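Protein chains in written order, with the working numbering: chain P, 20 to 131; chain S, 519 to 632.
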């Protein structure tokens, strides 16, 4: 059974800092890995999707890497802003394609 | 274009009651998935439908059921509600079956069971 772990569970940083969120998964037989953002009580917004054959994806100030063999992914946020405050969720898709398995998320607070 | 829409946004029920949650996917999307998110946890997969057929089912009791209509909208039904069913229920849509591409999530239905 696939398990996804995210570290740290919570993170508080001052505005402008670069930061790294970590995600690990137990079964390396994944189809893709996705990073989502969730604001309190709201739905999920897809940030980045990395196919299993890729090593990284970038979107603006966000960069996600994938090391499938070691079962790890990182989300790098450059020059953090208060608007980045949210919970960030990592999810993997197995070879069955049908489901996302999520971690519990990292709650990020960026203070002005 | 409208995103994924879910209704209602909030719902309060009592134990033993039945509830129906509704989801309209993005226009052109044929796949709908349902997830349950308990406070402080990541979403858990419940069902996936594509072209009105069930393509995946998570580890949930038979009290949970779903269906997809010809217009690709979907309903999630939960019978005999328990306190533990209190959660945010999320619907996601995509063009193709499964999760091989980005999923687009709705804002969810917050269900409280008293």
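The C-beta atom is built at its ideal place from N, Cα and C for all residues, glycine as well. Fair warning: this is a prediction, and the values are worked out from it, not measured in the lab.
With residue i as the anchor, note down where its beta strand (DSSP E) starts and where it stops.
i	result
residue 595 of chain S	592 to 596
residue 125 of chain P	125 to 130
residue 534 of chain S	Here residue 534 of chain S belongs to no beta strand (DSSP E), and DSSP marks it neither H nor E.
residue 71 of chain P	From DSSP, residue 71 of chain P is part of no beta strand (DSSP E); its letter is neither H nor E.
residue 543 of chain S	No beta strand (DSSP E) holds residue 543 of chain S; DSSP gives it neither H nor E.
residue 32 of chain P	29 to 33
residue 24 of chain P	23 to 26
residue 75 of chain P	75 to 78
residue 587 of chain S	Careful: residue 587 of chain S lies outside any beta strand (DSSP E) and carries neither H nor E.
residue 38 of chain P	38 to 44
residue 52 of chain P	49 to 57
Could you check the C-alpha separation between residue i and residue j for me, to the nearest Å?
i	j	result
residue 582 of chain S	residue 536 of chain S	10 Å
residue 102 of chain P	residue 598 of chain S	41 Å
residue 124 of chain P	residue 30 of chain P	11 Å
residue 61 of chain P	residue 553 of chain S	13 Å
residue 82 of chain P	residue 96 of chain P	7 Å
residue 576 of chain S	residue 551 of chain S	11 Å
residue 570 of chain S	residue 45 of chain P	32 Å
residue 605 of chain S	residue 528 of chain S	10 Å
residue 565 of chain S	residue 69 of chain P	23 Å
residue 600 of chain S	residue 50 of chain P	35 Å
residue 526 of chain S	residue 121 of chain P	24 Å
residue 596 of chain S	residue 35 of chain P	45 Å
residue 98 of chain P	residue 22 of chain P	30 Å
residue 80 of chain P	residue 65 of chain P	15 Å
residue 76 of chain P	residue 602 of chain S	38 Å
residue 118 of chain P	residue 574 of chain S	7 Å
residue 559 of chain S	residue 619 of chain S	23 Å
residue 20 of chain P	residue 520 of chain S	36 Å
residue 585 of chain S	residue 572 of chain S	8 Å
residue 100 of chain P	residue 112 of chain P	30 Å
residue 531 of chain S	residue 86 of chain P	44 Å
residue 90 of chain P	residue 47 of chain P	6 Å
residue 580 of chain S	residue 555 of chain S	18 Å
Look at residue i and residue j and say whether their C-beta atoms are less than 9 Å apart.
i	j	result
residue 32 of chain P	residue 130 of chain P	yes
residue 40 of chain P	residue 59 of chain P	no
residue 543 of chain S	residue 625 of chain S	no
residue 549 of chain S	residue 567 of chain S	yes
residue 621 of chain S	residue 63 of chain P	yes
residue 562 of chain S	residue 578 of chain S	yes
residue 54 of chain P	residue 128 of chain P	no
residue 43 of chain P	residue 25 of chain P	yes
residue 105 of chain P	residue 126 of chain P	yes
residue 547 of chain S	residue 613 of chain S	yes
residue 524 of chain S	residue 607 of chain S	yes
residue 74 of chain P	residue 88 of chain P	no
residue 67 of chain P	residue 94 of chain P	yes
residue 593 of chain S	residue 632 of chain S	no
residue 52 of chain P	residue 71 of chain P	yes
Bridge partners of residue i, per DSSP?
i	result
residue 554 of chain S	S:562 and S:607
residue 635 of chain S	No answer is possible for residue 635 of chain S: the residues shown for chain S start at 519 and end at 632.
residue 612 of chain S	S:549
residue 523 of chain S	S:542
residue 630 of chain S	S:530
residue 567 of chain S	S:550 and S:572
residue 63 of chain P	P:57
Notebook entry, point to check: Which parts of the stretch 81 to 124 of chain P are runs of the alpha helix (DSSP H), unbroken and 4 residues or longer, counting only runs that do not cross its ends?
Noted result: none
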